[in-house]
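Residues in the sequence shown are numbered from 1266 upward in steps of one, following our numbering. Every residue, glycine too, gets a C-beta built ideally from N, C-alpha and C.
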Amino acid sequence: MSQRLSYASTGVDIDQTDAAKRAMAASMETADPRVLNRIGAFATLLDARFPGYAYPVLVHKSEEPGSKQKLAFAHGRHRGVCYDMVNHLIDDIIVMGAEPISIQDVIVCGTMDGAIVNDLVEALADACRQQGCTLTGGETSVQPGVVPDGLYVLTASVIGVVDKDNIIDGQAIEAGDQVLALASNGLHTNGYTLVRALLERQPDLLTADVAGESFLEAVLKPHTCYLQAVRGLFTESGLHGMAHITGGGLRDNLSRILPPGLDAQLDLAALQIPPIFRTLRAAGDLEEADMMRTFNMGVGMALVVAPEAV
């Protein structure tokens, strides 16, 4: 006689999932007065009043940390991916002059390890608190047969707000403006499919020394968040545009904010390139053009400003 099926026998244990969600709720407790209902409700209610904003505009963005998460989980570094995801999301909206308000995540796994999932949520909540916003909820989905056991796929979205008169979208950029570079601490969240391919060919690269730290430490540094660095510039008239330097490198991302008919001329010799990029180029015998299109090459954010603002 065949064994009777149950949801738990197919790999989805609702009791285990519910227990994990109760544990997560403690990590997500918030005193943010903009959150009007409790964690665990069907959806999050946010107070849409924004004192101090004449014409508040909401900014919404979704993101995931790419295949960096696969490398991180393979080496027990899953917490760092949470900071990657939150910081990347926030960097994508601050280039428009927006302040982050709320972040929600999605965690998809093949089998649930409650301790790992709770650790992920705790790290996500902490990453949000560090930047003055709130992890208000999300979804944890167990999908056996879709996601391999031991792998967790993370995505998230952010809601931010900016006053309409203070939106920074590049329209003010004009000929003669200057481009300023804010340094990255490494790869951030781009180029990891190439990194993993190199590691498959050269496993010993994992422990190679890169300026006093291991290759693994160098490539898994969390994405830098630039909110604290640029927040004070949001209302400055001399700031004409900002670009988050992600996939596509400096050229492709700066092009996203330049008005038609304008190009940026960059002094690449002035870049202070972190050692990890030189290690990657040597290990893969990569062409410079490919490096510039794949990686940020030491620039995490670019600011376009009026000459008198420099």
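| Three or more C-beta pairs below 8 Å linking the segment 1519-1529 and the segment 1479-1489 | The segment 1519-1529 vs the segment 1479-1489: no contact.
| message | Quick test of your reading: Gly1563 and Pro1539, contact by CB under 8 Å. State the CB separation rounded to the nearest angstrom. | response | Taking 8 Å as the upper bound for CB-CB distance, Gly1563 and Pro1539 are in contact here, some 5 Å apart.
| said: What does the Cβ neighbour count give for Phe1542, buried or exposed, with the cut at 16 atoms within 10 Å? | reply: Counting every other CB atom within 10 Å of its CB across the protein chains shown gives Phe1542 a total of 16 or more, marking it as buried.
| Is it right to say Asn1302 is buried, meaning 16 or more other beta carbons lie within 10 angstroms of its own, or is it exposed? | Here Asn1302 is exposed. Its C-beta has fewer than 16 other C-beta atoms within 10 Å.
| C-alpha distance - Ala1554 paired with Gly1565, whole-angstrom precision | Using only the alpha carbons, I get a separation of about 18 Å.
| said: Per DSSP, what are the beta-bridge partners of Val1412 in this structure? | reply: Residue pairing of Val1412 in beta bridges, as defined by DSSP: Pro1409.
| Through-space distance from Gln1281 to Gly1379, alpha-carbon basis | If I take the Cα positions, the gap works out to 8 Å.
| said: One question on the structure: do Thr1401 and Val1382 come within less than 8 Å of each other, judged by their Cβ atoms? | reply: If you check the CB distance, Thr1401 and Val1382 do not come in under 8 Å.
| By DSSP, does His1353 sit in helix, in strand, or in coil? | DSSP places His1353 in the helix class (H, G or I) of the three-state scheme.
| task | List in chain order: all unbroken alpha helix (DSSP H) runs of 4+ residues lying wholly within the segment 1307-1363. | result | Qualifying alpha helix (DSSP H) stretches, in chain order: 1333-1339, 1343-1359.
| query | For the beta strand (DSSP E) that contains Thr1544, what are its first and last residues? | reply | Following the DSSP letters along the chain, one finds Thr1544 in no beta strand (DSSP E) but inside the alpha helix (DSSP H) bounded by residues 1540-1549.
| field | Beta-carbon proximity list for Gly1503, same chain, < 8 Å, skipping 5 on both sides | value | So the list reads Val1570, Ala1571, Glu1573, Ala1574, once near-sequence residues are dropped.
| field | Inter-residue spacing [alpha-carbon to alpha-carbon] between Pro1298 and Val1324 | value | Each residue's Cα considered, the two are about 20 Å apart.
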